[in-house]
Amino acid sequence: MRDLVRVGLARLSEKDRSFWETTAARMVDNQARLLARQIRIISNIDRADIGWTEELLKRLGMLHLLLEGFTRRN
């Protein structure tokens, strides 16, 4: 997540589907299915849509909240 913010939102449009699917698969392997679902939703955001950055920020915010909850569950 930090890397995504560090490189910037515009660079996310350069990521291909395999980047997102690999990340989502790792989340599933670690019993984090809700995180994987959010990652897959992010991967499906249409970067040609005029409001894609707002949608991306909304989903990244949700992902951040889920990550915080996941890391604090123990």
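First residue of the sequence shown: 130, per our numbering; consecutive thereafter. No residue lacks a Cβ here, since even glycine has one placed at the ideal position from N, Cα and C.
*With a Cβ-Cβ cutoff of 8 Å, do I174 and W149 count as a contact?*
No; because the gap between Cβ atoms is not below 8 Å, this pair is not in contact.
_Assumed close pair L164, L194 - CB separation to whole angstroms, cut-off 8 Å_ = Cβ-Cβ separation between L164 and L194: approximately 11 Å, too far for a contact (criterion under 8 Å).
*Contact check, I170 vs R188 under 8 Å by CB: the rounded distance?*
Taking C-beta atoms under 8 Å as the contact rule, I170 and R188 qualify, at a distance of about 6 Å.
*asked:* Quick check on L186: buried or exposed, where buried means 16 or more other Cβ atoms within 10 Å of its Cβ?
replied: It is exposed - the Cβ of L186 has fewer than 16 other Cβ atoms within 10 Å.
*So is A153 buried or exposed if we call it buried at 16+ other beta carbons inside 10 Å?*
That one is buried.
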